[in-house]
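Peer 1:
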């Protein structure tokens, strides 16, 4: 009989306006919403939070020598 085909990705509403998303501009519904989102990233309206202790950890090297080199 006929096999049931499952979609590659679930249908989701556009994150900007809530309208159904379009295949060509997924996950957005239109090029306009896609551009609005891009503009927000480029203008700094969106930001990925950084924890303060992550900055301290990057100052040390993988060996844990505190940045000192063994010669």
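In the numbering used here, the protein residues as written are 1 to 71.
Cβ coordinates follow ideal geometry from the N, Cα and C atoms, glycine included.
Are the beta-carbon atoms belonging to residue 13 and residue 21 less than 8 Å from one another?
Peer 2: yes
Peer 1: Which term fits residue 17, buried or exposed, when burial requires 16 or more other beta carbons within 10 angstroms of its beta carbon?
Peer 2: exposed
Peer 1: If you draw a straight line from the C-alpha of residue 28 to the C-alpha of residue 53, how long is it?
Peer 2: Taking the straight line from one Cα to the other gives about 35 Å.
Peer 1: List the endpoints of the continuous alpha helix (DSSP H) containing residue 43.
Peer 2: 31 to 43
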